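K.L.:
So the sequence shown is numbered by the working numbering: it starts at 9 and just counts up by one. Okay, handing you the structure first.
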Amino acid sequence: MPYPAHVKIVEVGARDGLQNESTVSSEDKIQLINALSVAGLKHIEAGAFVSPKWVPQMADSLDVINGVSVAPDVVLSALTPNLRGAQAALSANVKEFAIFTAASETFTQKNINCSIEQSIERFKDVVQLAQQHGIKVRGYVSCVLGCPYEGDIEPEAVLKVCKQLLALGCYEISLGDTVGVGTPNKVKSVISLLLQHIPIDKLAVHFHDTYGQALANIHSALELGIATIDSAVAGLGGCPYAQGASGNVATEDVIYLLQGLGIDPQIDLERLAKAGWAICDALNKSPVSKVSLALQAKCAS
Ligand code: HMG
Ligand code: MG
C-alpha cells in the first residue's frame with residue numbers, strides 16, 4: 009500500500025510530555041501551546057482533567073487552556089477520565105475529549121484505578137456529555153504492544169477494547185505503545201488484525217520511544233496506511249504509571265521522516281524546534297529529538 013497522502017499529527021507534548029516532567033509554570037505551558045500553534049500544529053492535546061493527587065503536573069489544565077491563544081482552526085483536546093473531568097473540560101471550552109483505558113487489566117488498575125470494563129462503564133457519561141455539546145471523543149488504548157506489568161499483550165485483547173470504545177462513540181482510537189517496547193513486526197501483526205474489523209481512518213498510533221523503535225514502528229504503521237500520528241515536541245515525557253517509559257516519539261523527528269517520505273504535514277520544522285527548545289529551557293533539559301539537536305547545532309555554527 010502507498011503511504012497516506014496526508015498525515016494528521018496530534019501533538020501531545022503539553023499533556024503526555026509535561027505530565028511526566030518536573031512541574032513547569034502555567035505561563036510556560038501557555039507559551040508552549042501558543043508556539044505549537046504558530047508552528048502549524050492543528051491538533052494539540054493541551055491538558056488533563058484528572059485527579060491532581062494522581063498527576064499534580066496537570067492540576068492547572070483549566071488555567072492553561074483558558075490562557076492560550078491559538079489559531080481558530082486549532083483543535084484543543086484534553087484527557088477526561090470521568091464525568092467530573094469532562095465537566096471541567098467543557099468549562100474550558102475544549103473542542104475534543106479524550107478517554108483512556110488499556111488492553112491490560114493491571115495497567116488499567118494502576119493508571120485509572122478500575123478494571124477495563126469499569127472504565128468503559130465510566131466513559132458512558134463522558135461520551136453522553138460530549139454528544140450533548142457536539143464534542144468529539146477520542147479513545148486511547150494503552151499497552152497495545154506490551155505492558156509494564158503483564159508483558160506481552162494479545163492482539164485480540166487490543167481489538168476487544170478498540171471495538172468497545174468505537175461502540176461507545178469514539179471517532180478515533182489511538183493505539184498506545186505506552187512503554188515503547190514494540191518493534192515493527194509486532195506493530196504489523198496488531199494493526200493488521202485491527203484492520204480486519206476497523207476502518208483505517210479510525211486508527212491512530214501513539215508510540216513512546218523507550219527502546220528507540222518508535223520511528224521504525226511509525227514507518228510500519230504508515231506502510232499499512234495509518235494516517236494519524238501522536239507525538240510530543242522534543243520527545244518530552246512518559247506515563248507516570250508506566251515505570252521506566254520514556255517520552256513519546258519526538259514531533260520534530262516524525263515531521264522530518266514524513267518530509268523525507270514526500271508527505272507534507274504543513275508544519276514549520278524550525279518553529280517547532282524552537283518551541284521545543286523553549287520548553288526544554290524551562291525544564292532545564294535538552295531535547296530528546298535528534299532532529300531538534302541537529303537543528304540546534306546547525307543554528308549555533
Ligand atoms: P479514583 O481515586 O479511582 O476516583 O480516581 P475517585 O472518584 O474515588 O476520586 C478520588 C479523588 O480524586 C477524589 O478526591 C476526587 O474528588 C478526585 P479526594 O476526595 O481524594 O480529595 N477526582 C478528581 N479530581 C479532579 N478531576 C477529576 C477527578 N476525578 C476524581 N476528573 C481517576 C480515578 C481516573 C480520577 C484517577 O485514577 C486519576 O486521575 N488517574 C490519573 C491517570 C492519568 O492521568 N494517567 C496518565 C495519563 S494516561 C497516559 O499517559 C497514557 C496515554 O498517553 C496513552 C499511552 O501512552 O498509552 C493516554
Ligand atoms: Mg502516552
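Heads up, the beta-carbon is just placed ideally off N, CA and C, and yes, glycines get one too. Remember, it's a predicted structure, so these values are computed and weren't measured experimentally.
Leaving out the 5 sequence neighbours to the left and right, which residues in its chain are closer than 6 Å to A138 when beta-carbon positions are compared?
P.N.:
Along the sequence shown, one-based indexing puts residue 138 at 130. If we look at A138 and ignore the five residues flanking it on each side, its Cβ neighbours are F105, V145.
K.L.:
Check whether the segment 128-136 and the segment 75-84 are in contact - that is, three or more C-beta pairs closer than 8 Å.
P.N.:
At 8 Å Cβ cutoff, the stretches do not touch.
K.L.:
For K311, name the three-state secondary structure that DSSP assigns.
P.N.:
Lying before the first or after the last residue shown, residue 311 is absent from the chain, which here runs from 9 to 309.
K.L.:
Hey, how far is the Cα of C151 from the Cα of R279?
P.N.:
Position 143 of the sequence shown, counted from the start, is the residue given in the question as residue 151. Position 271 of the sequence shown, counted from the start, is the residue given in the question as residue 279. For C151 and R279, the distance between alpha carbons rounds to 32 Å.
K.L.:
How should M4 be labelled, buried or exposed, when 16 other C-beta atoms within 10 angstroms of its C-beta is the threshold for buried?
P.N.:
As displayed, the chain neither begins before 9 nor continues past 309, which places residue 4 out of reach and without an answer.
K.L.:
Could you check whether the Cβ of D24 sits closer than 6 Å to any heavy atom belonging to the ligand MG?
P.N.:
The residue labelled residue 24 in the question sits at position 16 within the sequence shown. Answer for D24: yes, Cβ within range of the ligand MG.
K.L.:
Applying the 10 Å Cβ sphere with the 16-neighbour rule, what's the burial state of T114?
P.N.:
Residue numbering aside, residue 114 sits at position 106 when the sequence shown is read from its first letter. With fewer than 16 other Cβ atoms within 10 Å, it is exposed.
K.L.:
Could you give the distance in angstroms between the alpha-carbon of P163 and the alpha-carbon of G55?
P.N.:
The residue you call residue 163 lines up with position 155 of the sequence shown. The residue you call residue 55 lines up with position 47 of the sequence shown. The alpha-carbon atoms of P163 and G55 are separated by roughly 29 Å.
K.L.:
In whole angstroms, what is the alpha-carbon distance linking T109 and T116?
P.N.:
Locating residue 109 in the sequence shown gives position 101, where the first residue counts as 1. Locating residue 116 in the sequence shown gives position 108, where the first residue counts as 1. So the alpha carbons of these two residues sit roughly 6 Å apart.
K.L.:
Secondary structure at Y148, three-state DSSP: helix, strand or coil?
P.N.:
Along the sequence shown, one-based indexing puts residue 148 at 140. Y148 falls in the strand class under three-state DSSP.
K.L.:
In terms of alpha-carbon separation, which member of E29, E260, S309, G21 lies closest to K5?
P.N.:
Only positions 9 to 309 of the chain appear in the structure, and residue 5 is not among them; the question remains open.
K.L.:
For the pair the segment 260-275 and the segment 32-43, tell me if three or more CB-CB distances fall below 8 Å.
P.N.:
Contact fails: fewer than three Cβ-Cβ distances are below 8 Å.
K.L.:
At the level of alpha carbons, what is the spacing between Q126 and L176?
P.N.:
Start at 1 with the first residue of the sequence shown, and residue 126 comes out as number 118. Start at 1 with the first residue of the sequence shown, and residue 176 comes out as number 168. In a straight line, the C-alpha of Q126 is about 13 Å away from that of L176.
K.L.:
What would DSSP say about G25, mapped onto helix, strand or coil?
P.N.:
Taking the first residue of the sequence shown as 1, we reach residue 25 at position 17. In the structure shown, G25 sits in a helix (DSSP, three-state: H, G or I).
K.L.:
Hey, would you say D276 sits closer than 7 Å to A96, going by beta carbons?
P.N.:
Along the sequence shown, read from residue 1 onward, the residue named residue 276 stands at position 268. Along the sequence shown, read from residue 1 onward, the residue named residue 96 stands at position 88. Not a contact, by the Cβ cut-off of 7 Å.
K.L.:
Mapping the DSSP letters down to three states, classify E57 as helix, strand or coil.
P.N.:
Taking the sequence shown and counting its residues from 1, the one referred to as residue 57 is at position 49. The sequence as given places Phe at residue 57; Glu does not occur at that position. DSSP places F57 in coil when its eight states are reduced to three.
K.L.:
Expressed to the nearest angstrom, what Euclidean distance is found between the alpha-carbon atoms of E180 and Q27?
P.N.:
Counting from 1 along the sequence shown, the entry for residue 180 is found at position 172. Counting from 1 along the sequence shown, the entry for residue 27 is found at position 19. Distance between the alpha carbons of E180 and Q27 is about 22 Å.
K.L.:
Identify the continuous alpha helix (DSSP H) that holds T116 and give its terminal residues.
P.N.:
As a first step, residue 116 must be located in the sequence shown, where it is residue number 108. From DSSP, the alpha helix (DSSP H) with T116 extends over 113-120.
K.L.:
Which residues share a DSSP beta bridge with G188?
P.N.:
The residue labelled residue 188 in the question sits at position 180 within the sequence shown. DSSP output for G188 lists no bridge partner at all.
K.L.:
Could you name the residues that DSSP lists as bridge partners for I237?
P.N.:
Within the sequence shown, residue 237 is the residue found at index 229, counting from 1. Beta-bridge pairing links I237 to I17, V213.
K.L.:
Mapping DSSP to helix, strand and coil, what is H205?
P.N.:
Walking along the sequence shown from the start, residue 205 turns up at place 197. The answer is coil: DSSP assigns H205 none of H, G, I, E or B.
K.L.:
Does the distance from the C-beta atom of A286 to that of V32 stay below 7 Å?
P.N.:
As a working note, residue 286 is residue 278 in the sequence shown. As a working note, residue 32 is residue 24 in the sequence shown. It is not a contact, given that the beta carbons lie outside the stated cut-off.
K.L.:
Which residues in the same chain as L265 place their Cβ atom closer than 8 Å to its Cβ, once the five residues preceding and following it in sequence are excluded?
P.N.:
For the purposes of this step, residue 265 is taken as residue 257 along the sequence shown, with counting starting at 1. Cβ neighbours of L265 beyond the five flanking positions: L223, I226, H227.
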